[in-house]
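Presented below is the structure to which this report refers.
2 protein chains.
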Amino acid sequence: MTTTVAPPHPFDAAVDLESITPGLSTGHTSTAYNNMVGPFGGITSATLLASVQRHPECLGEPLSLTVNFAGPIAEGQFEITARPVRTNRTTQHWWIELAQNGTVATTATAVFGLRRDTWDSTEIEMPAVPAAEDVPAQPFPEFIAWAQNYEMRFIEGAIPDLESGEHPDSVSTLWVRDSPPRALDFFSLTSLCDVFFPRVFLRRGKMAPAGTVSLTIYFHADAAALARQSDRSVLGTARTQRFGNGYFDQSAELWGSDGELLATTHQLVYFKD
Amino acid sequence: MTTTVAPPHPFDAAVDLESITPGLSTGHTSTAYNNMVGPFGGITSATLLASVQRHPECLGEPLSLTVNFAGPIAEGQFEITARPVRTNRTTQHWWIELAQNGTVATTATAVFGLRRDTWDSTEIEMPAVPAAEDVPAQPFPEFIAWAQNYEMRFIEGAIPDLESGEHPDSVSTLWVRDSPPRALDFFSLTSLCDVFFPRVFLRRGKMAPAGTVSLTIYFHADAAALARQSDRSVLGTARTQRFGNGYFDQSAELWGSDGELLATTHQLVYFKD
Numbered sequence: 001m002t003t004t005v006a007p008p009h010p011f012d013a014a015v016d017l018e019s020i021t022p023g024l025s026t027g028h029t030s031t032a033y034n035n036m037v038g039p040f041g042g043i044t045s046a047t048l049l050a051s052v053q054r055h056p057e058c059l060g061e062p063l064s065l066t067v068n069f070a071g072p073i074a075e076g077q078f079e080i081t082a083r084p085v086r087t088n089r090t091t092q093h094w095w096i097e098l099a100q101n102g103t104v105a106t107t108a109t110a111v112f113g114l115r116r117d118t119w120d121s122t123e124i125e126m127p128a129v130p131a132a133e134d135v136p137a138q139p140f141p142e143f144i145a146w147a148q149n150y151e152m153r154f155i156e157g158a159i160p161d162l163e164s165g166e167h168p169d170s171v172s173t174l175w176v177r178d179s180p181p182r183a184l185d186f187f188s189l190t191s192l193c194d195v196f197f198p199r200v201f202l203r204r205g206k207m208a209p210a211g212t213v214s215l216t217i218y219f220h221a222d223a224a225a226l227a228r229q230s231d232r233s234v235l236g237t238a239r240t241q242r243f244g245n246g247y248f249d250q251s252a253e254l255w256g257s258d259g260e261l262l263a264t265t266h267q268l269v270y271f272k273d
Numbered sequence: 001m002t003t004t005v006a007p008p009h010p011f012d013a014a015v016d017l018e019s020i021t022p023g024l025s026t027g028h029t030s031t032a033y034n035n036m037v038g039p040f041g042g043i044t045s046a047t048l049l050a051s052v053q054r055h056p057e058c059l060g061e062p063l064s065l066t067v068n069f070a071g072p073i074a075e076g077q078f079e080i081t082a083r084p085v086r087t088n089r090t091t092q093h094w095w096i097e098l099a100q101n102g103t104v105a106t107t108a109t110a111v112f113g114l115r116r117d118t119w120d121s122t123e124i125e126m127p128a129v130p131a132a133e134d135v136p137a138q139p140f141p142e143f144i145a146w147a148q149n150y151e152m153r154f155i156e157g158a159i160p161d162l163e164s165g166e167h168p169d170s171v172s173t174l175w176v177r178d179s180p181p182r183a184l185d186f187f188s189l190t191s192l193c194d195v196f197f198p199r200v201f202l203r204r205g206k207m208a209p210a211g212t213v214s215l216t217i218y219f220h221a222d223a224a225a226l227a228r229q230s231d232r233s234v235l236g237t238a239r240t241q242r243f244g245n246g247y248f249d250q251s252a253e254l255w256g257s258d259g260e261l262l263a264t265t266h267q268l269v270y271f272k273d
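Protein chains in written order, with UniProt numbering: chain A, 1 to 273; chain B, 1 to 273.
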């Protein structure tokens, strides 16, 4: 009898960790998810979340995550330390640190918890857009490796090319999912929260050095909502509020294909003129 | 010769810290800034920021701050540990912990840095509102101590009273400043980012248990912008994107009286029906 094992999805390979002790694990960068310099922030954030969710003491599901990109991550191995700073009856607070050779490259805090049924109301509206299958997929330039792992169907605000001039606003709206398709989980949702390339590229119509400094995600979806979504495209929409003095913020919403708000996310980004 | 010293502004007394070692300081809760249970989150956040800004190794000005409210803070003394996790040429990443009797109550991360002159653009617009002096100040219920230290002039979405029913949305817009007036600095701006009472109170027209779980601030103002603002009222506007499963998010913008965007801020809040 022979057993054939399918190779893992590239995303799962990228967020894979080896547990050394309950609070310490090792992982490695994945060239498939590289950005122009170092790994794509989405994959780093997903890996940090995974270090908590795979911890034996982890309570419930992710409620919020903040990742601070403190310095570059070099190709190769890294160590992640995840520590439950405080565990309450229904919530748990985590401190997470990613280091290489003893130097901290990324820090994060996460709040996990148990959700309860309550009154609910979604106050914002999903943008009115055509169905995903009616929007052509649009490839990213090949030198942006991570983007090759996503199927992106832009309704507005695609990545600029050499002919693009200044854009009147910084709004991008797109259908997006993993390529090849993969059922949504908290890790891939985390990564999707960072697919919105730096808004300054769009607004100014050109690429220039830019990088996320701090990223925050509020998870509105629970595991059941993720299961309902499965591997269908998610609608993402992002925009900046203010650019200036070398930094800008950007905020985004991720919607399930049935109109359920899955996550809201915000980041502060460094940029050079 | 006698010297009379004016008592400090209640805000300065509340964020005052005693330095024990460069990374360790002690402070104490201030009844003037109490919330219904424990201290007002804004004053705690400002105190955590102060622990970094008063650290001898602190580089530049605050760029972002995330505060996680992990557990209750009891009346009395607390210890704050602030550690520069990584210092780069122009940015510095901090880890901050507030504890009482060895138990962590609050955690935070902050990014500080040097700002540079760059291209700038504010993409969102300040709400069109009457001048602060044309909007009556509206007192908060007396049992909300912290609010007595702010002069709030609501244009829309004032705190509900016993006669309030459900509100169609969760938007509050108000002119706000310290009472008595105090020149704006990064500490008071931080605290102002949390003056937007839980949006669920407004939306449902009643108060019920609710508390911030995680708060993030992106500082757009530099010290010069704060000096231009001085002690005039700041315009704040806040709203929720989604309520459900025991949590909701809320986002807000703080504008200087001359229309300069000073900060954008987001939080995840726990609530009970």
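Heads up, the beta-carbon is just placed ideally off N, CA and C, and yes, glycines get one too.
Against chain B, does residue i count as a neighbour if the rule is that its beta carbon must be under 8 Å from one of theirs?
| i | result |
| --- | --- |
| I96/A | no |
| V85/A | yes |
| S45/A | no |
| P185/A | Going by the sequence as given, residue 185/A is Asp instead of Pro. Output row for D185/A: interface = no. |
| D169/A | yes |
| residue 280/A | The shown model of chain A, from 1 to 273, leaves out residue 280/A, and the question about it has no answer. |
| G71/A | yes |
Does any residue of chain A bring its CB to less than 8 Å from the CB of residue i?
| i | result |
| --- | --- |
| R228/B | no |
| R116/B | yes |
| R89/B | no |
| H55/B | no |
| V104/B | yes |
| T173/B | no |
| W119/B | yes |
| G165/B | no |
| R153/B | no |
Under three-state DSSP, which class holds residue i?
| i | result |
| --- | --- |
| A225/B | helix |
| A137/B | coil |
| S164/B | coil |
| F201/A | helix |
| W95/A | strand |
| P180/A | coil |
| G113/A | strand |
| N149/B | helix |
| F187/A | helix |
| S64/A | strand |
| I43/B | helix |
Determine the chain A residues that contact residue i at a beta-carbon separation under 7 Å, and present them in chain order.
| i | result |
| --- | --- |
| G211/B | Residues of chain A passing the Cβ test: none, with the nearest at roughly 11 Å. |
| N68/B | H93, T109 and V111 |
Using alpha carbons as the reference points, say which of the options lies closest to residue i.
| i | options | result |
| --- | --- | --- |
| A132/A | V176/A, E123/A and G42/A | V176/A |
| T91/A | E253/B, G246/B, L59/B and S257/B | G246/B |
| A147/B | G27/B, E260/B and M36/B | M36/B |
| P7/A | I144/A, N68/A and P180/A | P180/A |
| T47/B | T21/B, D16/B and G157/B | D16/B |
| D117/A | P139/A, D185/A and A221/A | A221/A |
| F187/A | Q241/A, V5/A, H28/A and L65/A | L65/A |
| N88/A | L202/A, F112/A and A14/A | F112/A |
| residue 293/B | L49/B, A13/B, D185/B and G27/B | Because residue 293/B is not part of the residues shown, which for chain B are 1 to 273, the question remains open. |
| E166/A | V195/A, D120/A and M207/A | M207/A |
| A14/A | S121/A, H28/A, T21/A and T122/A | H28/A |
| E57/A | G23/A, V171/A and Y270/A | G23/A |
| S233/A | L261/A, D178/A and F197/A | D178/A |
| A223/A | P62/A, A32/A and F78/A | P62/A |
Since residue i meets chain B, which of its residues come closer than 7 Å, beta carbon to beta carbon?
| i | result |
| --- | --- |
| T122/A | R242 |
| L63/A | V213, Y247 and L268 |
| D273/A | T118 and W119 |
Under 8 Å Cβ-Cβ, which residues of chain B neighbour residue i?
| i | result |
| --- | --- |
| D222/A | N245 |
Whose Cβ in chain A lies nearer than 8 Å to the Cβ of residue i?
| i | result |
| --- | --- |
| S51/B | Per Cβ cutoff of 8 Å: no residues; S51/B is ~16 Å from chain A at best. |
| T216/B | T66, S214, T216 and H266 |
Using 7 Å as the cut-off, classify the Cβ of residue i as near or not near the heavy atoms of the ligand SAH, replying yes or no.
| i | result |
| --- | --- |
| V67/B | Among the components modelled here there is no ligand, and therefore nothing to report on the ligand SAH. |
- Query: Taking a cut of 9 Å between CB atoms, which residues from the segment 240-260 of chain B lie near chain A?
  - Reply: Cβ contacts with chain A come from T240, Q241, R242, F243, G244, N245, G246, Y247, F248, D249, S251 and E253.
- Query: At a Cβ cut of 7 Å, what residues of the segment 15-40 of chain A count as close to chain B, listed as they run along the chain?
  - Reply: Residues: none.
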